[in-house]
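Below is one structure; the comments refer to it alone.
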Amino acid sequence: MRLSEIRGETLDRMPSGMQEFDLVLGGGLVPGSLVLVGGDPGIGKSTLLLQSVAYLAEHGKVALYVTAEESLSQVKLRAERLGVLADTLHLLADTNLDSVAQACDSLHPDIMVIDSVQTVGVADL
1373 MRLSEIRGET LDRMPSGMQE FDLVLGGGLV PGSLVLVGGD PGIGKSTLLL
1423 QSVAYLAEHG KVALYVTAEE SLSQVKLRAE RLGVLADTLH LLADTNLDSV
1473 AQACDSLHPD IMVIDSVQTV GVADL
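Take the position in the sequence shown, starting the count at 1, then add 1372; the result is the number in the working numbering.
As structure tokens, this is what we get:
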């Protein structure tokens, strides 16, 4: 089938609260999609993602931020520095994918961030 023959569908998007990030994403995050953010260490990936997920939480979305590299207190310090106050932002510090899945089953988040995906795995493998 030719590209011109395919009818496009309009996808609902969730704005991240970060104008440039939304621009790169074509207007915001598409529910059900996966976005991989990469870059050099210390460039601000974790801060960008925490700000974005916090914005969504502050606007009524249930958000889960999984940290596999930092402690919960480190993430809380960053959140406080950024002025994050959302009660619908849930934090989990774990590297076990089964624990992440259990948290998803329990919370049913609208959005989830895993920081960093390369450090999360399954214990039985």
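Glycine is no exception: its CB is placed at the ideal position from the N, C-alpha and C atoms.
Pairwise C-alpha distance: residue j and residue i
| i | j | result |
| --- | --- | --- |
| L1420 | G1398 | 17 Å |
| D1482 | L1428 | 9 Å |
| L1457 | I1378 | 43 Å |
| S1471 | F1393 | 29 Å |
| G1416 | D1459 | 23 Å |
| N1468 | R1374 | 43 Å |
Pair within 8 Å by beta-carbon distance, residue i and residue j
| i | j | result |
| --- | --- | --- |
| S1418 | D1487 | yes |
| M1386 | K1433 | yes |
| L1436 | M1484 | yes |
| S1388 | S1445 | no |
| A1440 | D1466 | yes |
| V1438 | L1464 | yes |
Residue i - DSSP class collapsed to helix/strand/coil
| i | result |
| --- | --- |
| A1473 | helix |
| T1460 | coil |
| A1495 | coil |
Option in the options with minimal Cα separation from residue i
| i | options | result |
| --- | --- | --- |
| H1480 | H1462, N1468, V1402 | H1462 |
| L1383 | R1374, V1409, S1376, P1403 | P1403 |
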